[in-house]
Structures are given as structure tokens and as C-alpha cells.
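Here the numbering used here is used: the first residue of the sequence shown is 1, the next is one more, and so on.
Beta carbons: idealized from backbone N, C-alpha and C, even for Gly.
Only a predicted model underlies this, so the values are computations on that prediction, with no experimental measurement involved.
Written below as C-alpha cells is the structure these notes are about.
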Amino acid sequence: MNIEGFLSTSDAAERLGVKVESVYTFARRLDGFPQPKKVGRTLLWPEAEIDAWRAQHPARKRRAADD
């Protein structure tokens, strides 16, 4: 689905570098995380707000498996 200025859940997850399930969890549990807009049965995430949230919350570096 391509509605200008909004991302599908899978696109938002890809942009954030997380799993789709994590996007839903962030929306429920994290204060300040962008909330989706519902269009029919589809949740769309505001692209600019997702990008702004990511800029304020950089991705964590993963630890090596042998740590």
C-alpha cells in the first residue's frame, strides 16, 4: 500500500531495523513512539514521525555471540 507520507507496518519495521512484532510492541509500551493511523483494517505509520523517533533513539549495537 502506498499512501504518501505513511509506511506499512512491514516498511516501518524495515526502516527501524526490527521485527514487525516489535513495531506493535513499541507502539503499546514506549511513551513517545508514533501511533499508527487506521485506514480500514490497515495500520499506517507516519513516515516523518518514525524517522524522527529513530533519530532520537539510535539502534543499539549487537553484541557478538561469544560475549
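- When the five nearest sequence neighbours on each side are left out, the beta carbons in the same chain lying within less than 7 Å of the beta carbon of SER10 are those of VAL20, in order along the chain.
- Cβ-Cβ distances below 6 Å link GLU49 to PRO34 in the same chain, with the five nearest sequence neighbours on each side left out; the list follows chain order.
- Residue environment: ALA13 is assigned as buried (16 or more neighbouring CB atoms within 10 Å of its CB, all protein chains considered).
- Counting only runs of 4 or more residues that sit fully inside the stretch 18-51, the alpha helix (DSSP H) segments are 20-29, in chain order.
- Under a 10 Å Cβ-count criterion, VAL23 is classified as buried, with 16 or more other Cβ atoms of the shown protein chains found around its own Cβ.
- By a beta-carbon distance limit of 8 Å, PRO36 contacts LEU44. Their separation comes to about 6 Å.
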